[in-house]
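Engineer: Structure in structure tokens, see below.
Number of protein chains: 2
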Amino acid sequence: MLPSIYRPAETFVLGLLGGGQLAKMTAQAALQLGMRIAVIEHGENSPAGVMTKLEFPEGWKEAGQLGQFIDASDIITLENEFIDPHILDVIAEKRLVWPSPATMRLVQDKYTQKQTFAAVGIPMARFAEITTKQDLFDFGAEHGYPFVAKTRKYGYDGYGNATIKRDTEIDMVWRRFMEGEEPRPLLAESFVTFTKELAVMVARNRRGETAVYPCVQTIQQGHICVSVLAPAPIEEELQRRAQEIALQCVETIEGVGVFGIEMFLTNDDQILFNEIAPRPHNSGHYTIEACHTSQFENCVRAVVNAPLGSPHMRVPAACMINILGERSGSGIPDSVVDALKIEGVSLHLYGKKDARIGRKMGHLTATGATVDQAFARAKSALDGIVW
Amino acid sequence: MLPSIYRPAETFVLGLLGGGQLAKMTAQAALQLGMRIAVIEHGENSPAGVMTKLEFPEGWKEAGQLGQFIDASDIITLENEFIDPHILDVIAEKRLVWPSPATMRLVQDKYTQKQTFAAVGIPMARFAEITTKQDLFDFGAEHGYPFVAKTRKYGYDGYGNATIKRDTEIDMVWRRFMEGEEPRPLLAESFVTFTKELAVMVARNRRGETAVYPCVQTIQQGHICVSVLAPAPIEEELQRRAQEIALQCVETIEGVGVFGIEMFLTNDDQILFNEIAPRPHNSGHYTIEACHTSQFENCVRAVVNAPLGSPHMRVPAACMINILGERSGSGIPDSVVDALKIEGVSLHLYGKKDARIGRKMGHLTATGATVDQAFARAKSALDGIVW
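Quick mapping for you: the protein sequence lines, in order, are chains A and B.
Here the first sequence is numbered in numbering that gives the first Met the number 0, starting from 0 and rising by one per residue.
Here the second sequence is numbered in numbering that gives the first Met the number 0, starting from 0 and rising by one per residue.
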């Protein structure tokens, strides 16, 4: 689609920091547009690493192959919000990287994230910075139990969260996070009683043009996203409100790339901001089959400053269900044959070498006339995955 | 999706003979299913070659890297029906290759192709083997003018065809094909007056399970497929008949893989067989966005003997338009920005290094509520491609 910036006789190379499934699907979109990809990761033959000759499997820690990766790439994006911002600064000295180091610093810390959005009136649960153990007691006294203690950085899929149901649990939680080898700074957040969890993907390019994806419902089990219903089976007015909140978040931080905004729908129909991820998101995988432009393609378009594509659905409904490992051992399921037989279902397997219980190994997306039909198809297919 | 046959601790590797756009899109499907790919081609950085570390750019002629490619692959398929069948025999000694060498031999020769299908009653234009120049005169005398002389092998996109409008042209045509360095054996075929050209993709796996795609209309300009309308805007009864003919062709030759069957719709509503290609086909690119399972994914499933996926459309209508080079020089268009802005259009650029006038450089697929809407979107997007 574009010539290389640095080697004009060659094709543009999109650099991917990280080689997991998000990088893989972003790579797929870039390749469809006629680009090439470079991948840096710690380890060979990652899901995205197998897709290119420009694979840098020695990673970016302790210099590693970072310099070679930077040199091979024209513009760089990422799949993992936990990249040390110093690494991004090193990259930014030589190459455009999106989302920017500034965006990443802001978003990586859940406390600064919330502060930034609260300051512009985005509705969310009450929260506070936690510096001492007493702060936890004070928060519980002021806002009630249960409440949630979260690490400010590096938490995902529930890791780094602790729900505190009574003050007698505070000592243990404090020890867990703050008295180990590496203290993990915390924030506290009111527990939200929600009826549904929602998510909206938003893409924004360097010109400030945005594309807002449908509001979907995400269903979690044990803190891991398990299934996604698109569009969310809630009133259109609520879907629109969720989309507005999501858009406002991305515009507030002037983010470039694609962002996943997670929200709660409370039992009195309030929509509260929960978290933002500055990268393609599990809740947006359905967009590959169900929307005119996938979240991955809009991520690519955004970082190269091309016009964004339509985020609208091209089918009435879709359902994505994650394929989580059910044993350790080989990353290849024993059988997917029965899943392949289900009408209207697309199977995605990420090609990870090793399975673990609960590890995201792939996903299934079903399209259909209604959310119920799509869900039934996807569930049926999931039953056909044998580990 | 599958472990390697020969290296069970590793992931399955699908080997692709040829690295052009058909191999690229087949590779995309294989990667989505968690497989890896190996590509052999004459030249580096082909559209599929950039997608793998297992790239063998020295090709298969004069041994080249054929042995290394075979060794790296678990099962092999192809994108080009003109592979010398001896190469396929060499491969078949060590690896499963689909379609089989026997299928390829039969299909590569347009005369044996037609004989085989005529023998089971598939309707087609009258045709005859041409051994001497007199045979051409005799054919014209018996079946009338104009008629078409075609090379039995290696013709595609109109290359190797000559329409003979009167007997005075026969000398020149004979000289062109038979009196050069390498005589090109011929067949003669009655000229068909058609109202539309149709195509149907059929996938068939090693178990004999089949998937028959919608009947589409293909629109040619100067012998090159330019656009495809899905489904074909003809009566459903005629669509079904075309699908039946296509299915019968593939079952007759017991083909394994995916096959593109081209047909004519005559002005008295007859459907006549024209040609079969034993590989993914230009007329099937729309299936990526518009069908539950693309032709490429079903090709992969067929050759590994997995159950085939649904060939049904998940949107009401689609239109594909080829992006053909409009100048020589860089394979990257000057601009695609305006094409990217059109709602409902997916842009595919193959990543070929060099453009030539008329060369297939990519395609656009639009989906829509009707064929007319899809066509309008695709046409609009094509106008936005600037060479």
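Each residue gets a CB set at the ideal place from its N, CA and C atoms; glycine is no exception.
Note that this is a predicted model, so its numbers are computed, not measured.
Could one say the Cβ of arginine 35(A) lies closer than 8 angstroms to chain B's Cβ atoms, at least one of them?
Structural biologist: Position 36 of the first sequence, counted from the first residue, corresponds to residue 35(A). Chain B, which has a Cβ nearer than 8 angstroms to the Cβ of arginine 35(A), makes this yes.
Engineer: I'd like the span of the beta strand (DSSP E) that includes glutamate 342(A), first residue to last.
Structural biologist: The sequence position of residue 342(A) within the first sequence is 343, counting from 1. First-last for glutamate 342(A): undefined, no H or E at that position.
Engineer: What in chain A is Cβ-close to glycine 350(B), meaning under 8 angstroms?
Structural biologist: Locating residue 350(B) in the second sequence gives position 351, counting from the first residue. Here the neighbours are Thr10, Leu30, Gly33, Met34 and Arg35.
Engineer: Taking only the alpha-carbon atoms, compute the straight-line gap between glycine 18(B) and glutamine 216(B) and give it to the nearest angstrom.
Structural biologist: Walking along the second sequence from the start, residue 18(B) turns up at place 19. Walking along the second sequence from the start, residue 216(B) turns up at place 217. Taking the straight line from one Cα to the other gives about 27 angstroms.
Engineer: Starting from the C-beta of isoleucine 129(B), find all residues in its chain whose C-beta is less than 8 angstroms away, skip the five residues before and the five after it, and write them out in chain order.
Structural biologist: What you label residue 129(B) is simply residue 130 of the second sequence in a count that begins at 1. The residues are Leu135, Phe138, Ala148, Pro184, Leu185, Leu186 and Ala187.
Engineer: Which residues, taken in chain order from the region 303-331 of chain A, show a beta carbon closer than 9 angstroms to some beta carbon of chain B?
Structural biologist: Flagged, chain order: Ala305, Pro306, Leu307, Gly308, Ser309, His311, Arg313, Val314, Ser329, Gly330 and Ile331.
Engineer: Please decide whether valine 255(A) counts as near chain B, where near means a Cβ-Cβ distance under 8 angstroms.
Structural biologist: Locating residue 255(A) in the first sequence gives position 256, counting from the first residue. Taking Cβ atoms only, chain B never reaches closer than 8 angstroms to valine 255(A), which makes this a no.
Engineer: Please report the distance separating the alpha-carbon of phenylalanine 258(A) from that of glutamine 294(A).
Structural biologist: Position 259 of the first sequence, counted from the start, is the residue given in the question as residue 258(A). Position 295 of the first sequence, counted from the start, is the residue given in the question as residue 294(A). Answer to the nearest angstrom: the Cα atoms are 9 angstroms apart.
Engineer: Any C-beta of chain A sitting closer than 8 angstroms to the C-beta of proline 2(B)?
Structural biologist: Locating residue 2(B) in the second sequence gives position 3, where the first residue counts as 1. Yes, contact with chain A.
Engineer: Using a C-beta to C-beta distance shorter than 9 angstroms, which residues of chain A count as neighbours of glutamate 342(B)?
Structural biologist: Residue 342(B) sits at position 343 when you count from the first residue of the second sequence. Simply His291, Gly308, Ser309 and His311.
Engineer: Would you be able to state if there are at least three C-beta pairs under 8 angstroms between the region 222-231 of chain B and the region 244-260 of chain B?
Structural biologist: With a cut-off of 8 angstroms on Cβ pairs, the region 244-260 of chain B is not in contact with the region 222-231 of chain B, counting fewer than three such pairs.
Engineer: Does the Cβ of alanine 368(A) have 16 or more other Cβ atoms within 10 Å, making it buried, or fewer, making it exposed?
Structural biologist: On the first sequence, residue 368(A) is found 369 positions in, with the first residue counted as 1. It counts as exposed.
Engineer: Once you ignore the five residues that flank valine 299(B) on each side, which residues in its own chain have a CB closer than 6 angstroms to its CB?
Structural biologist: The count along the second sequence starts at 1 and reaches residue 299(B) at position 300. So the qualifying residues of the chain are Ala28 and Ala29.
Engineer: Contact between the region 201-218 of chain B and the region 296-315 of chain B is defined here as three or more beta-carbon pairs at a separation below 8 angstroms; is this criterion met?
Structural biologist: yes
Engineer: Spell out a yes or no on whether the region 362-377 of chain A and the region 339-351 of chain A are touching, meaning 3 or more CB-CB pairs, one atom from each, closer than 8 angstroms.
Structural biologist: A contact between stretches requires three or more CB pairs, one per stretch, nearer than 8 angstroms, and the region 362-377 of chain A meets this requirement with the region 339-351 of chain A.
Engineer: For chain B, is any of its Cβ atoms less than 8 angstroms away from the one on lysine 52(A)?
Structural biologist: Numbered from 1 along the first sequence, position 53 holds the residue referred to as residue 52(A). By this cut-off, lysine 52(A) is an interface position.
Engineer: Looking at chain C, which residues of the region 161-174 of chain B have a Cβ within less than 8 angstroms of any of its Cβ atoms?
Structural biologist: Checking the listed chains, one finds no chain C in this structure; the protein chains it contains are A and B.
Engineer: How about phenylalanine 263(A) and phenylalanine 190(A): do their beta carbons lie closer than 8 angstroms?
Structural biologist: Within the first sequence, residue 263(A) is the residue found at index 264, counting from 1. Within the first sequence, residue 190(A) is the residue found at index 191, counting from 1. No.
Engineer: Can at least three beta-carbon pairs, one atom from the region 103-110 of chain A and one from the region 273-290 of chain A, be found at a separation below 8 angstroms?
Structural biologist: yes
Engineer: Check this for me: beta carbons of isoleucine 169(A) and phenylalanine 146(A), under 8 angstroms apart or not?
Structural biologist: Within the first sequence, numbered from 1, the residue matching residue 169(A) stands at position 170. Within the first sequence, numbered from 1, the residue matching residue 146(A) stands at position 147. Cβ atoms of isoleucine 169(A) and phenylalanine 146(A): not closer than 8 angstroms.
Engineer: Assuming tryptophan 97(B) and threonine 76(B) form a contact by the criterion Cβ under 8 angstroms, report the distance between their Cβ atoms to the nearest whole angstrom.
Structural biologist: As a working mapping, residue 97(B) is identified with position 98 in the second sequence. As a working mapping, residue 76(B) is identified with position 77 in the second sequence. Sure, about 6 angstroms apart at Cβ, within 8 angstroms.
Engineer: Check whether the Cβ atoms of cysteine 318(B) and valine 370(B) lie closer than 8 angstroms to each other.
Structural biologist: Position 319 of the second sequence, counted from the first residue, corresponds to residue 318(B). Position 371 of the second sequence, counted from the first residue, corresponds to residue 370(B). The answer is yes: Cβ separation under 8 angstroms.
Engineer: What does DSSP give as the partner residue(s) for cysteine 318(B) in the beta ladder?
Structural biologist: Taking the second sequence and counting its residues from 1, the one referred to as residue 318(B) is at position 319. Cysteine 318(B) pairs with Leu228(B) and Ala365(B).
Engineer: What residue does the alpha helix (DSSP H) around valine 12(B) start on, and which one ends it?
Structural biologist: Counted from its first residue, the second sequence places residue 12(B) at position 13. Where valine 12(B) is concerned, there is no enclosing alpha helix (DSSP H), although the beta strand (DSSP E) it sits in stretches over 12-16.
Engineer: Starting from arginine 175(A) and walking both ways along the alpha helix (DSSP H), at which residues does that stretch end?
Structural biologist: Against the first sequence, residue 175(A) aligns to sequence position 176. Arginine 175(A) -> alpha helix (DSSP H) spans 169-177.
Engineer: Looking at the strands, I want to know which residues DSSP matches up with proline 2(B).
Structural biologist: Counted from its first residue, the second sequence places residue 2(B) at position 3. BP columns for proline 2(B) point to Thr10(B).
Engineer: Quick test of your reading: methionine 50(B) and lysine 93(B), contact by CB under 8 angstroms. State the CB separation rounded to the nearest angstrom.
Structural biologist: Within the second sequence, numbered from 1, the residue matching residue 50(B) stands at position 51. Within the second sequence, numbered from 1, the residue matching residue 93(B) stands at position 94. The Cβ separation is near 24 angstroms, so there is no contact.
Engineer: Quick check: is the beta carbon of valine 335(A) nearer than 8 angstroms to any beta carbon in chain B?
Structural biologist: Locating residue 335(A) in the first sequence gives position 336, where the first residue counts as 1. It does; some Cβ of chain B falls within 8 angstroms.
Engineer: Using CA coordinates, which residue listed in Ile82(A), Pro122(A), Gly120(A) and Met312(A) is at the minimum distance from leucine 105(A)?
Structural biologist: Here residue 105(A) corresponds to residue number 106 of the first sequence, with the count starting at 1. Measuring from the Cα of leucine 105(A), the nearest candidate turns out to be Ile82(A).
Engineer: Consult DSSP for glycine 259(B) and reduce its assignment to one of helix, strand or coil.
Structural biologist: Translated into the one-based positions of the second sequence, residue 259(B) becomes position 260. If DSSP states are grouped into helix, strand and coil, glycine 259(B) belongs with the strands.
Engineer: So is glycine 14(A) buried or exposed if we call it buried at 16+ other beta carbons inside 10 Å?
Structural biologist: Taking the first residue of the first sequence as 1, we reach residue 14(A) at position 15. Counting Cβ neighbours within 10 Å, glycine 14(A) comes out buried, since at least 16 surround it.
Engineer: I'd like the span of the alpha helix (DSSP H) that includes valine 302(B), first residue to last.
Structural biologist: The residue given as residue 302(B) occupies position 303 in the second sequence. Its alpha helix (DSSP H) spans residues 294-302.
Engineer: Mind listing which residues of the region 358-371 of chain A have their C-beta closer than 8 angstroms to chain B's C-betas, in chain order?
Structural biologist: Gly361 and Thr366
Engineer: Hey, valine 199(A) and isoleucine 252(A) are a contact pair by Cβ (cut 8 angstroms); roughly how many whole angstroms apart?
Structural biologist: Numbered from its first residue, the first sequence carries residue 199(A) at position 200. Numbered from its first residue, the first sequence carries residue 252(A) at position 253. With a beta-carbon spacing of about 15 angstroms, valine 199(A) and isoleucine 252(A) fall beyond the 8 angstroms limit used to define contacts.
Engineer: What number of angstroms, rounded off, separates the C-alpha of isoleucine 384(B) from the C-alpha of cysteine 214(A)?
Structural biologist: To locate residue 384(B), count along the second sequence from 1; it is residue 385. To locate residue 214(A), count along the first sequence from 1; it is residue 215. Computed Cα separation, rounded: 32 angstroms.
Engineer: Counting only Cβ-Cβ distances shorter than 8 angstroms, please list the residues of the region 207-220 of chain A near chain B, keeping chain order.
Structural biologist: none
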